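Worksheet for the structure shown next.
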Amino acid sequence: KAKKAAGSKAGASYNMALQDTDKGVVTRFPPEPSGYLHIGHLKAALLNDYFAHELYKGTLLLRFDDTNPSKEKQEFQDAIIEDLALIGIKPDKTSYTSDYLETLYQYCIRMIKEGHAYADDTDQETMRDERMKGIASKNRDKSVEENLAIFEEMKKGTETGKKNCIRAKMSVDNPNKAMRDPVIYRCNTDIPHHRTGTTWKMYPTYDFACPIVDSLQGVTHALRTTEYTDRNPQYQWFLDTLKLRQVHMWDFARMNFIRTELSKRKLTKMIETGRVWGWDDPRLPTIRGVRRRGMTIPALREFILKQGPSRNIVNMDWTNFWATNKKEIDPVAPRHTAVELKDAVKVNVINGPATPHTEDKPKHAKNPAVGLKKVAYSNHLILDQEDAKLFKQDEEITLMNWGNAIVRKINGSNPITDIEVELHLEGDVKKTEKKVTWLSTDGQELVPAEAWEFDYLITKDKLEEGDSWEDFFNTESAKKTDVLCDSNVADLKDGDIIQLERKGFFRVDKAPKDGKPAVLFGIPTGKSK
Ligand code: ATP
Ligand code: MG
Ligand code: MG
């Protein structure tokens, strides 16, 4: 239902933007296999999918934009395919820009022959400066023969070839700098391409390849993030100059989040320098990262589709993201109990059951379908130091899901080592101020676990132009607390989502195994983080 509602909002905007195109719609999602997908990419993927498959009976293409072997890898390509499948996005066809390298080469030859492109060996810095100032390159008027000869050198990856690039002859001084003779081909002999090996020593740029391949593949609507808006006239120029079939452009806003870096280059650096644990680190905004942190797929889809295809760039905070997830997990997450290991307070229940016993209790008070768990009762308990520290002599407290007890003796201070309580089960649980979680140490085998809580990786809401993320990197973003859990935790599996009473929701990153503690990751609920 949520998906429908979210969809209809996106649908209304799309209908306005794309009147008269009710059939034959073809969209594409063009990731570069240079990293794992993040939630920003997912917005692009879901919009294309929604547009092709839900709004129209159209076609969604997945096209790997793989023309820069220095950044791309098979590992990334495989991960992107897996992640899209996981989210439920089913492209009708998967293709690769690298399948078009011969075709693009031919188009470039045509551009040169028709006088629309030239070879340029101007060094990068000078080229940048000339483009800024609107100065023509000294190579702009080379002959077709010379340009073709250099292009062949580039194809072979010779020294001369490597010094050159090919530029489209668009404009020297157009007010839109994207139109100032953009580079369309350059050499790359550093590293073999993960699909085409060493066949090619030069590769087309995205600016050149994208309009041509979009047009050849029958794409009717190219959705791009608004940072490409300046490059739309350039895209159009290629289609017009090469007399290719037209493609409608539609720009939508990038999705940004506070205290979060979404650039693949920067995420790669965080991983390579060991600042985080890998592409699936629970602190990263990758699909794998947020999943590992406990985001569910329905909530992820709902959250992103709800954003719609608007063009307004907003720096979102994470509150709604995690609140959407909480609605999903709260009704179904089994409830368990944990006590912090450090300074756990031993409790002697003076009138407790002489022999330990267990009872079957619901794992979720409001949802019997979640099933039953075993709760152990005895006269030996532990509870959190945090809680015991607040007890007063002869105070009546509530042992949650058991009943009231009166604190009769408190031994030790800072930390308290042990206490004695007297059960007072006929007491009114509504009248006590302190309701505490507890675990019986007899009658069950407690399960050790590491409970991890995570914080943002970046300490500033929005990095400004000129800010280096490295200067605002949070080096204390992961905190581990050792806990003991009720015996039922032994049956949990990797990926299960639970609630530890009064502590919060957790995803089981590693189930307890061979005496090793379980690893639990705290799931934000939208309240603070
Ligand atoms: P980089 O981070 O290296 O600049 P990229 O984000 O452009 O890479 P691509 O693989 O080229 O990564 O992106 C695939 C698609 O996802 C593109 O259509 C791109 O516009 C879109 N996209 C990327 N980031 C976001 C974002 N934050 N919000 C929405 N769409 C995005
Ligand atoms: Mg890109
Ligand atoms: Mg980019």
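What the sequence shown shows, in the numbering used here, is residues 210 to 738, in sequence order.
A virtual CB, placed ideally from N, CA and C, is assigned to each residue, including glycine.
None of the values given here were measured: they were computed from a predicted structure.
Does residue i pass the burial test, meaning 16 or more other C-beta atoms within 10 Å, or should it be called exposed?
{"i": "Ala214", "result": "In this prediction, Ala214 scores a pLDDT of 40, lower than 50, which makes its location untrustworthy; no coordinate-derived value is stated."}
{"i": "Glu311", "result": "exposed"}
{"i": "Glu362", "result": "buried"}
{"i": "His566", "result": "exposed"}
{"i": "Lys601", "result": "exposed"}
{"i": "Lys252", "result": "buried"}
{"i": "Ser622", "result": "exposed"}
{"i": "Pro733", "result": "buried"}
{"i": "Ile619", "result": "buried"}
{"i": "Asp449", "result": "exposed"}
{"i": "Asp400", "result": "The question names Asp, yet the displayed sequence has Ile at residue 400. Answer is exposed; the Cβ neighbour count stays below 16."}
{"i": "Ala563", "result": "exposed"}
{"i": "Met225", "result": "For Met225, the predicted structure reports a pLDDT of 45, less than 50, and the residue's modelled location is therefore unreliable. The matter cannot be settled from this model."}
{"i": "Pro278", "result": "buried"}
{"i": "Arg340", "result": "buried"}
{"i": "Gln653", "result": "buried"}
{"i": "Thr408", "result": "exposed"}
{"i": "Ile359", "result": "buried"}
{"i": "Arg319", "result": "exposed"}
{"i": "Gln315", "result": "exposed"}
{"i": "Ala658", "result": "buried"}
{"i": "Gln333", "result": "exposed"}
{"i": "Ala288", "result": "buried"}
{"i": "Glu470", "result": "buried"}
{"i": "Gln286", "result": "buried"}
{"i": "Ser677", "result": "exposed"}
Are the Cβ atoms of residue i and residue j separated by less than 9 Å?
{"i": "Tyr444", "j": "Pro420", "result": "yes"}
{"i": "Ile706", "j": "Arg544", "result": "no"}
{"i": "Leu206", "j": "Tyr309", "result": "Here the chain comprises residues numbered 210 to 738, so residue 206 is not present and cannot be evaluated."}
{"i": "Ala660", "j": "Gly735", "result": "no"}
{"i": "Leu432", "j": "Asn576", "result": "no"}
{"i": "Pro240", "j": "Ala254", "result": "yes"}
{"i": "Tyr665", "j": "Ile467", "result": "yes"}
{"i": "Ala585", "j": "Leu648", "result": "yes"}
{"i": "Val428", "j": "Leu264", "result": "no"}
{"i": "Val548", "j": "Asp593", "result": "yes"}
{"i": "Phe447", "j": "Ala387", "result": "no"}
{"i": "Lys570", "j": "Met609", "result": "no"}
{"i": "Arg440", "j": "Asp423", "result": "no"}
{"i": "Ile591", "j": "Thr650", "result": "yes"}
{"i": "Val541", "j": "His573", "result": "yes"}
{"i": "Cys317", "j": "Pro413", "result": "yes"}
{"i": "Thr646", "j": "Asp596", "result": "yes"}
{"i": "His589", "j": "Gly561", "result": "yes"}
{"i": "Ser380", "j": "Ala462", "result": "no"}
{"i": "Lys702", "j": "Phe663", "result": "no"}
{"i": "Ile606", "j": "Glu568", "result": "no"}
{"i": "Lys372", "j": "Met411", "result": "no"}
{"i": "Asp539", "j": "Phe273", "result": "no"}
{"i": "His402", "j": "Asp275", "result": "yes"}
{"i": "Ile375", "j": "Ile290", "result": "no"}
Since I believe residue j is in contact with residue i (beta carbons under 8 Å), could you give me their beta-carbon distance rounded to a whole number of angstroms?
{"i": "Arg404", "j": "Tyr305", "result": "6 Å"}
{"i": "Met525", "j": "Asn465", "result": "7 Å"}
{"i": "Arg617", "j": "Ile559", "result": "7 Å"}
{"i": "Lys598", "j": "Gly244", "result": "Between Gly244 and Lys598 the Cβ distance is about 47 Å, and since that is not below 8 Å, they are no contact."}
{"i": "Phe681", "j": "Lys669", "result": "5 Å"}
Practice item. Determine, using beta-carbon pairs with one atom in the stretch 622-633 and one in the stretch 549-568, whether at least three such pairs fall under 8 Å. Key: Taking 8 Å as the limit for Cβ pairs, the verdict is that the stretch 549-568 does touch the stretch 622-633.
Point to revise | Completely contained alpha helix (DSSP H) runs for the stretch 428-456, where each covers 4 or more residues | key: Here the runs fully enclosed are 441-450.
Review point. Which runs of the alpha helix (DSSP H) spanning at least 4 residues fall entirely within the stretch 524-571, listed in chain order?
Key: Qualifying alpha helix (DSSP H) stretches, in chain order: 528-538.
Point to revise | Validate contact between the stretch 720-731 and the stretch 692-703 using beta carbons, cut 8 Å, 3 pairs | key: Yes: at least three Cβ pairs fall under 8 Å.
Practice item. Pair every Cβ in the stretch 499-518 with every Cβ in the stretch 247-256, then say whether three or more of these pairs are closer than 8 Å. Key: By the Cβ rule, the stretch 499-518 counts as touching the stretch 247-256, because three or more pairs are nearer than 8 Å.
Review point. How about the stretch 264-284 and the stretch 528-535: do they share at least three Cβ pairs that are nearer than 8 Å?
Key: Too few Cβ pairs lie closer than 8 Å, so no.
Point to revise | Three-pair Cβ contact test at 8 Å for the stretch 339-355 versus the stretch 320-327 | key: Contact holds: three or more Cβ-Cβ distances are below 8 Å.
Review point. Counting Cβ pairs closer than 8 Å, one from the stretch 486-493 and one from the stretch 631-641, do we hit at least three?
Key: The stretch 486-493 makes no contact with the stretch 631-641; the number of CB pairs closer than 8 Å stays below 3.
**Study point:** Contiguous beta strand (DSSP E) assignments of at least 3 residues, all confined to the stretch 255-299
**Key:** With a minimum length of 3 residues, the continuous beta strand (DSSP E) runs that stay inside the stretch 255-299 are 268-273.
**Study point:** Sufficient close CB pairs (3 or more, under 8 Å) joining the stretch 290-297 to the stretch 337-354
**Key:** Result no; under three Cβ-Cβ pairs closer than 8 Å.
Review point. Can you list the beta strand (DSSP E) stretches of 3 or more residues lying completely in the stretch 314-340, in chain order?
Key: 326-329, all fully within the stretch 314-340.
Point to revise | In chain order, each alpha helix (DSSP H) run of at least 4 residues that lies wholly inside the stretch 495-525 | key: DSSP assignment within the stretch 495-525 yields the following whole alpha helix (DSSP H) runs of 4 residues or more, N-terminal first: 496-501, 506-516.
Point to revise | 4-residue-minimum alpha helix (DSSP H) runs that sit fully inside the stretch 557-640, ordered along the chain | key: Runs of the alpha helix (DSSP H) inside the stretch 557-640: 594-597.
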